[in-house]
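A short write-up of the structure that comes next.
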Amino acid sequence: MTRILTTPAQLAEARAARAEYRAGAVAPTSGVAHGIVQANLISVPADWAYDVLLYAQRNPQACPVLEVLDAGTTESLLAPGSDLRTDIPKYRVWRDGELAEEPTDASAAWEEHPDLVSFLIGCSFTFEAGLVDAGIEIRHQTLGRNVPMYRTNRACAPAGRLTGELVVSMRPIPGDRVAEAVQISGRYPAVHGAPVHVGDAASLGIADVQAPDFGDAPEIRAGEVPVFWACGVTPQAAIMASKPPFALTHAPGYMFVTDVPDANYLV
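Residue numbers (my numbering): 1042 to 1308.
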């Protein structure tokens, strides 16, 4: 496969975004560095790494792995010069399955666990660029909100000590453009691909679409249909259910911006 190179403008925007986050800027990353791949993060002590890898392998739509870093490594090959300890706008520190804190700098977590193995997992913010280019509105971008995300009643395949349910993100799409949105996102299997469900949220076990478990409440307008994609927050649901002693993740909606053009993941 021919590798698509990042343009100078794209590279400058991606690096500027990471520099801002490293300096302390905090904001959801949907729409940042248009056309560049974004990723979810889960970092675990080395003795839990195989469980996470197996969980991702068994649940590839929710947990599509873009990169696995060696224990103790903080620079991603997807963004030379990056630092996973500082270059995400907001993190989550988990202890025994409970959310302990949400720092904007995870250096202390790495000092506590220098053997952390990090997984970068594809994020649906990546294919949003394709939807925008096709003239399909991304409502949470328009409103300056975070994408709504929901825990569902769909169990993921367990692996090792990890078990949990699928988490989904939702975007309201005009009814006459749903098929197009499915087709566009389906060309990006490395960042969740096509939706897992279209329409009634109740069939996913979501009691109230206006009360997401993560992110902000959506605005669904007349003639629009809620469309649900598998979400990279799924490993965080597994952390909550399985209660490993320690884990570090991104905060939902606050992603790692790489240097890689999304065109490299088109199929």
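Cβ atoms here follow ideal geometry from the backbone N, Cα and C, with glycine treated the same way. Model, not experiment: these values are computed from the prediction.
- For the 8 Å CB-CB criterion, Thr1070 and Met1296 form a contact.
- Below 8 Å, too few C-beta pairs join the region 1118–1131 and the region 1257–1273 to call them touching: fewer than three.
- DSSP lists Ser1210 and Phe1255 as the bridge partner or partners of Met1190.
- Per DSSP, Ala1271 is one residue of the beta strand (DSSP E) stretching across Glu1265 to Ala1271.
- In the three-state reduction of the DSSP assignment, Ala1278 falls in the helix class, which pools H, G and I.
- Rounded to the nearest angstrom, the Cβ distance from Val1085 to Val1093 is 6 Å, consistent with a contact under 8 Å.
- Here Thr1167 carries a helix assignment [DSSP, helix/strand/coil].
- In this structure, the beta-carbon distance from Ala1235 to Asn1100 does not fall below 8 Å.
- In the three-state reduction of the DSSP assignment, Ile1083 falls in the strand class.
- Between the region 1155–1172 and the region 1223–1243, the count of Cβ pairs shorter than 8 Å is three or higher; the stretches touch.
- Around the Cβ of Ser1123, a 10 Å sphere holds 16 or more other Cβ atoms; the residue is buried.
- Contact between the region 1101–1117 and the region 1170–1180 is absent: fewer than 3 CB-CB pairs across the two stretches fall below 8 Å.
- By alpha-carbon distance to Ala1149, the top candidate from Asp1137, Leu1245, Tyr1132 and Leu1140 is Tyr1132.
- Assignment of beta-bridge partners to Leu1140 by DSSP yields Trp1135.
- Look at Pro1199 here: in three-state DSSP terms it is coil, with no helix or strand label.
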